[in-house]
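Following: one structure in structure tokens, then a few remarks.
Number of protein chains: 2
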Amino acid sequence: MAQTNRQPSVALSTEPYKGTRDFYPKDMQFRNWMFGKLAKTARSFGYLEYGGPMLESFDLYAAKTGEEIVNQQLYWLIDKGDRKIAVRPEMTPTLARMVAAKINELPRPIRLFSIPNLWRYERPQRGRLREHWQLNVDVLGGDPLYAEAELLTLAVELMRSFGGAERIQVKVNHRKLMDAFFTKTLGLSSAQAHQVVKAIDAKDKVSEDKFKAWMTEAGVREDQFEQLTRFFSSDIATVVKEVPCEGADHLQKLFAMLKESGVGSQVVFDPTVMRGLDYYTGTVFEIYDTSPENNRAMFGGGRYDNLMGIFGKEALSGVGFGMGDVSLQNFLDTHGLTPKFASEIDVMVTLPKEEYRATAETITRDLRSVGLNVITPLAIGSFGNQLKLATRQEAKLAVLFGDDEMKLGAVLLKNLATGEQVTISTAEVCAKARQWLS
Amino acid sequence: MAQTNRQPSVALSTEPYKGTRDFYPKDMQFRNWMFGKLAKTARSFGYLEYGGPMLESFDLYAAKTGEEIVNQQLYWLIDKGDRKIAVRPEMTPTLARMVAAKINELPRPIRLFSIPNLWRYERPQRGRLREHWQLNVDVLGGDPLYAEAELLTLAVELMRSFGGAERIQVKVNHRKLMDAFFTKTLGLSSAQAHQVVKAIDAKDKVSEDKFKAWMTEAGVREDQFEQLTRFFSSDIATVVKEVPCEGADHLQKLFAMLKESGVGSQVVFDPTVMRGLDYYTGTVFEIYDTSPENNRAMFGGGRYDNLMGIFGKEALSGVGFGMGDVSLQNFLDTHGLTPKFASEIDVMVTLPKEEYRATAETITRDLRSVGLNVITPLAIGSFGNQLKLATRQEAKLAVLFGDDEMKLGAVLLKNLATGEQVTISTAEVCAKARQWLS
Numbered sequence: 001m002a003q004t005n006r007q008p009s010v011a012l013s014t015e016p017y018k019g020t021r022d023f024y025p026k027d028m029q030f031r032n033w034m035f036g037k038l039a040k041t042a043r044s045f046g047y048l049e050y051g052g053p054m055l056e057s058f059d060l061y062a063a064k065t066g067e068e069i070v071n072q073q074l075y076w077l078i079d080k081g082d083r084k085i086a087v088r089p090e091m092t093p094t095l096a097r098m099v100a101a102k103i104n105e106l107p108r109p110i111r112l113f114s115i116p117n118l119w120r121y122e123r124p125q126r127g128r129l130r131e132h133w134q135l136n137v138d139v140l141g142g143d144p145l146y147a148e149a150e151l152l153t154l155a156v157e158l159m160r161s162f163g164g165a166e167r168i169q170v171k172v173n174h175r176k177l178m179d180a181f182f183t184k185t186l187g188l189s190s191a192q193a194h195q196v197v198k199a200i201d202a203k204d205k206v207s208e209d210k211f212k213a214w215m216t217e218a219g220v221r222e223d224q225f226e227q228l229t230r231f232f233s234s235d236i237a238t239v240v241k242e243v244p245c246e247g248a249d250h251l252q253k254l255f256a257m258l259k260e261s262g263v264g265s266q267v268v269f270d271p272t273v274m275r276g277l278d279y280y281t282g283t284v285f286e287i288y289d290t291s292p293e294n295n296r297a298m299f300g301g302g303r304y305d306n307l308m309g310i311f312g313k314e315a316l317s318g319v320g321f322g323m324g325d326v327s328l329q330n331f332l333d334t335h336g337l338t339p340k341f342a343s344e345i346d347v348m349v350t351l352p353k354e355e356y357r358a359t360a361e362t363i364t365r366d367l368r369s370v371g372l373n374v375i376t377p378l379a380i381g382s383f384g385n386q387l388k389l390a391t392r393q394e395a396k397l398a399v400l401f402g403d404d405e406m407k408l409g410a411v412l413l414k415n416l417a418t419g420e421q422v423t424i425s426t427a428e429v430c431a432k433a434r435q436w437l438s
Numbered sequence: 439m440a441q442t443n444r445q446p447s448v449a450l451s452t453e454p455y456k457g458t459r460d461f462y463p464k465d466m467q468f469r470n471w472m473f474g475k476l477a478k479t480a481r482s483f484g485y486l487e488y489g490g491p492m493l494e495s496f497d498l499y500a501a502k503t504g505e506e507i508v509n510q511q512l513y514w515l516i517d518k519g520d521r522k523i524a525v526r527p528e529m530t531p532t533l534a535r536m537v538a539a540k541i542n543e544l545p546r547p548i549r550l551f552s553i554p555n556l557w558r559y560e561r562p563q564r565g566r567l568r569e570h571w572q573l574n575v576d577v578l579g580g581d582p583l584y585a586e587a588e589l590l591t592l593a594v595e596l597m598r599s600f601g602g603a604e605r606i607q608v609k610v611n612h613r614k615l616m617d618a619f620f621t622k623t624l625g626l627s628s629a630q631a632h633q634v635v636k637a638i639d640a641k642d643k644v645s646e647d648k649f650k651a652w653m654t655e656a657g658v659r660e661d662q663f664e665q666l667t668r669f670f671s672s673d674i675a676t677v678v679k680e681v682p683c684e685g686a687d688h689l690q691k692l693f694a695m696l697k698e699s700g701v702g703s704q705v706v707f708d709p710t711v712m713r714g715l716d717y718y719t720g721t722v723f724e725i726y727d728t729s730p731e732n733n734r735a736m737f738g739g740g741r742y743d744n745l746m747g748i749f750g751k752e753a754l755s756g757v758g759f760g761m762g763d764v765s766l767q768n769f770l771d772t773h774g775l776t777p778k779f780a781s782e783i784d785v786m787v788t789l790p791k792e793e794y795r796a797t798a799e800t801i802t803r804d805l806r807s808v809g810l811n812v813i814t815p816l817a818i819g820s821f822g823n824q825l826k827l828a829t830r831q832e833a834k835l836a837v838l839f840g841d842d843e844m845k846l847g848a849v850l851l852k853n854l855a856t857g858e859q860v861t862i863s864t865a866e867v868c869a870k871a872r873q874w875l876s
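Order-wise, the sequence lines are chains A and B. Residue 229 in the numbering used here is what sits at position 229 of the first sequence, and the numbering runs on without skipping anything. Each number in the numbering used here comes from the position in the second sequence (counting from 1) with 438 added on.
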């Protein structure tokens with residue numbers, strides 16, 4: 001029979017596409033563990049999981065996503081129907097589209113989470129890959145203060161679920177406070193404010209001198225720069241007095257609420273937190289690792305208004321954040337918070353002779369029926385060889401039997417971790433295996 | 439502060455990209471339930487989960503994937519580094535690449551599963567979407583007979599986990615048996631055999647007359663056609679005698695093993711199962727829904743040799759199948775096997791006054807700490823309004839309190855399903871809530 005045979009003349013690479021990762025079983029076990037904990041904590045706050053397609057209309061991103069992403073980092077293509085579609089670089093536009101589609105049906109407040117994979121064309125480096133996964137948590141509707149208090153509490157609780165709550169700090173700011181400070185207090189023009197925001201956003205990555213030079217370029221005078229520097233180290237009580245505005249009041253109330261929610265000590269006011277120039281309009285925040293060797297923003301988010309407007313739907317304010325899997329994994333590794341994982345294989349039922357296969361299969365079925373993960377050798381083999389195979393496959397227990405055991409209706413159950421072994425009737429093997437594994 | 443504001447002049451559509459689906463919380467709850475059961479059963483057979491990137495080198499598919507998919511159905515693009523990359527249309531090439539990369543490290547037999555989303559450009563129709571998810575299960579290495587017996591047993595057990603084992607039939611064939619029958623028994627040329635295989639593959643979709651016409655076109659004589667028709671209704675015992683070959687022997691042994699594994703009654707020999715012209719080289723199979731209204735192949739797979747060859751690695755034979763989520767969902771719906779899902783929200787803790795928020799937060803934290811999913815209203819409100827909100831949000835229980843309860847250190851716990859309610863001390867609320875929910 002003819003076979004399609006288009007074997008390439010040069011061997012293909014076994015490497016995954018640049019900036020992406022393969023997940024072998026142990027990587028996947030870690031990922032499932034990490035995502036499982038994230039999902040469990042999000043659900044404990046009543047957030048429900050959603051999902052969307054991997055490809056979306058290009059226009060969805062052109063409308064609201066930051067220009068850098070759309071122009072330089074988007075993977076896109078033209079389909080056979082001449083539609084311009086993109087591989088999703090972020091989840092919020094999909095969320096906005098889905099909420100807009102059912103804006104009159106979804107009961108408010110709308111609490112949602114998802115853990116999608118996202119794509120951005122960028123030079124791979126620590127913590128930045130072309131494909132990564134990101135926990136997205138959003139709440140739409142509700143009183144903004146209560147919603148933000150809940151979301152920031154959840155952010156801390158997510159880290160607590162990994163044992164990392166004491167190693168992070170939530171830095172909070174407000175866009176309207178910054179507006180008031182730049183335009184009213186400093187008297188900057190809108191264009192100057194725009195440049196200053198950009199510079200502050202990149203402040204962590206450059207020297208003090210470079211930052212100062214940027215300010216000068218933006219036309220910020222020496223006295224304004226001093227005021228700015230002083231502002232950067234103010235606490236919220238001072239700010240409420242010196243820059244009285246809606247944003248400052250909002251933050252002060254928010255901090256009081258966060259104390260009630262038991263996370264007050266993890267949250268601080270930080271006016272250098274800007275979160276770029278994208279769709280945030282109110283409270284913005286970043287979660288920092290407090291360890292000296294990893295001191296950087298791990299994830300962040302903020303309040304957005306009217307993301308639904310691009311769909312011609314009513315304005316609905318929301319607040320959300322996105323937490324990348326690579327940053328979280330780095331955090332867990334840095335702090336030794338990743339556990340050792342046990343093998344997922346509980347038992348191997350060996351097979352010494354072909355004619356014993358029916359018996360072996362019955363034992364295997366029985367063990368699976370009590371919830372155990374059971375493998376077989378997929379070939380007949382000697383006692384020694386199959387024991388080696390069980391070890392290589394990381395089975396915790398092995399069921400072994402030969403002619404003698406078969407005559408007695410018995411098996412040898414061996415604990416591969418301790419070396420302990422016991423000859424028991426086939427009827428007892430499930431109970432004993434479960435006992436050893438518990 | 440300047441904001442990027444590129445609001446489109448025309449409202450964007452809230453529809454997902456054609457041929458894809460949005461997963462709202464209830465859809466996602468179903469999907470998580472379905473995938474959770476699939477993963478649990480695969481794990482019970484010792485299969486370990488893996489994952490790979492969503493985009494792969496185009497060459498990976500050009501080498502082995504069927505021509506129809508590569509030429510007509512692949513989503514691909516050229517990246518900024520001039521690499522031709524494709525959105526994965528199937529998972530097996532990724533599996534082959536990953537196994538090839540660690541061919542000397544992975545302990546054999548290698549048992550793997552994954553539930554990736556896959557993309558094909560096709561006209562959306564029942565059971566065929568542009569994006570779908572697919573359980574992929576593969577075992578590489580091991581004695582082919584034992585490996586196939588295990589994999590087919592797993593296929594039946596997957597359906598049994600949904601209560602559907604009695605409603606399916608596994609139809610099995612062997613490529614080498616068909617080779618022997620076409621070339622030796624019928625005496626067809628290789629080119630003729632190729633045409634006949636294509637026709638048999640499409641047999642289900644055309645009339646008897648059309649099929650006959652295709653055979654005539656392929657140069658199949660009347661006597662050969664009669665022989666073919668007779669062959670199509672033969673059982674394996676007859677075939678072993680009339681077309682003695684490696685493939686027939688293999689199938690006879692395989693059926694005996696499947697009896698030992700307790701799934702003999704679900705498996706039949708069916709020489710019309712061809713599985714296209716792609717990489718299968720030995721046993722091939724399809725799982726059919728036996729209900730008259732849905733009688734069609736739900737999923738299938740087969741044995742492949744040397745998928746690792748394209749990477750310049752040693753030949754390693756494997757057997758696997760892919761089960762699409764849409765077909766499975768159709769099957770479950772057809773047979774009424776989808777359960778009603780309970781709400782994921784256990785409790786809503788209401789808030790009558792701002793000054794009681796600290797108390798409400800403490801109760802909320804306590805309830806979450808015993809594993810419950812708890813929401814708050816995110817605003818203060820009257821007893822009646824918040825009770826309505828709790829119902830709309832599908833909470834099972836509500837914690838209510840006013841001035842009287844606060845003075846007593848008590849709350850009113852209400853069961854929203856039964857209407858039952860009880861006034862208890864805040865210290866007792868966790869125990870009572872758990873009791874009602876269990």
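Every residue gets a Cβ at the ideal spot worked out from N, C-alpha and C, and that includes glycine. Only a predicted model underlies this, so the values are computations on that prediction, with no experimental measurement involved.
Check, Outcome
"Assigned exposure category for B/N509 - 16 Cβ within 10 Å defines buried", "exposed"
"Span of the alpha helix (DSSP H), counted from its first residue to its last, around B/F670", "660-670"
"Those runs of the beta strand (DSSP E) which lie wholly inside the stretch 554-604 of chain B and span at least 3 residues", "555-557, 569-578"
"Sequence-distant residues of its chain with Cβ nearer than 8 Å to B/M844 (five each side left out)", "Y794, T797"
"Anticipated Cβ contact below 8 Å, A/W33 with A/F58, distance rounded", "Incorrect: roughly 35 Å between the Cβ atoms, too far for contact."
"First and last residue of the uninterrupted beta strand (DSSP E) at A/Q421", "421-425"
"Continuous beta strand (DSSP E) assignments of at least 3 residues falling wholly in the stretch 352-387 of chain A", "none"
"Of the listed residues A/E90, A/R230, A/L251, A/V243, nearest to A/V172 (C-alpha basis)", "A/L251"
"B/L838, enclosing beta strand (DSSP E) - first and last residue", "835-838"
"Backbone CA spacing between B/L854 and B/L512 [nearest angstrom]", "50 Å"
"Close Cβ partners of B/F620 (< 7 Å) along its chain, the five nearest in sequence each way excluded", "L626, A631, V634"
"Cβ-Cβ distance between B/V594 and B/V757 below 7 Å", "no"
"Within 7 Å, strictly: CB atoms of A/G142 and A/P116", "no"
"Range covered by the alpha helix (DSSP H) that runs through A/Q195", "190-201"
"For B/K641, the nearest candidate out of B/P777, B/R713, B/L533, B/D617 (CA to CA)", "B/R713"
"Straight-line gap, B/R444 to A/E131 (C-alpha atoms, nearest Å)", "The pLDDT assigned to B/R444 is 49, lower than 50, so where the model puts this residue is not dependable; a value taken from the coordinates is nonetheless given after this. Rounded to whole angstroms, B/R444 to A/E131 spans 26 Å at the Cα level."
"Beta-ladder partner(s) of B/H612, from DSSP", "B/T721"
"Proximity test, Cβ basis, 7 Å: A/N5 and chain B", "In this prediction, A/N5 has a pLDDT of 44, which is less than 50 and means its spatial position is unreliable; what the coordinates show is noted afterwards. Not one chain B Cβ lies under 7 Å of A/N5."
"Cα-Cα separation, A/V10 to B/G601", "48 Å"
"Closest by C-alpha distance to A/P53, when choosing among B/M616, B/S820, B/F461", "B/F461"
"Cβ neighbour criterion (16 or more within 10 Å) applied to B/I516", "exposed"
"Under 7 Å between C-beta atoms of A/L177 and A/Q224", "no"
"Any chain A beta carbon closer than 7 Å to B/M529", "no"
"Bounding residues of the beta strand (DSSP E) (the contiguous stretch that carries B/M761)", "756-762"
"Nearest to A/Y280 (by Cα), restricted to the options A/S291, A/E286, A/S261, A/G302", "A/G302"
"Selected residue, minimal CA-CA separation from B/L875, among B/K852, B/Y726, B/A865, B/I862", "B/K852"
"Contact under 7 Å by Cβ, A/T426 with A/I363", "yes"
"Contacts around B/T442, its chain only, beta-carbon distance under 7 Å, and the 5 residues preceding and following it disregarded", "Confidence is the limiting factor: at B/T442 the pLDDT is only 43, short of 50, which leaves the residue's position unreliable and the question unanswerable from this model."
"Contact set between A/I345 and chain B, taken where Cβ atoms lie within less than 7 Å", "G484"
"DSSP beta-bridge partners of A/V267", "A/V170"
"For B/N443, the three-state DSSP class (helix, strand or coil)", "Legend: pLDDT at B/N443 = 44, less than 50; position of this residue unreliable, value from coordinates given subsequently. The answer is coil: DSSP assigns B/N443 none of H, G, I, E or B."
"A/G276 at chain B interface by Cβ criterion, 7 Å", "no"
"Under 7 Å from the C-beta of A/R368: neighbouring residues of chain B", "S482"
"Rounded separation between A/L140 and A/G247 - CA only", "19 Å"
"Test item: CB-CB of B/L770 and A/P25 under 7 Å", "no"
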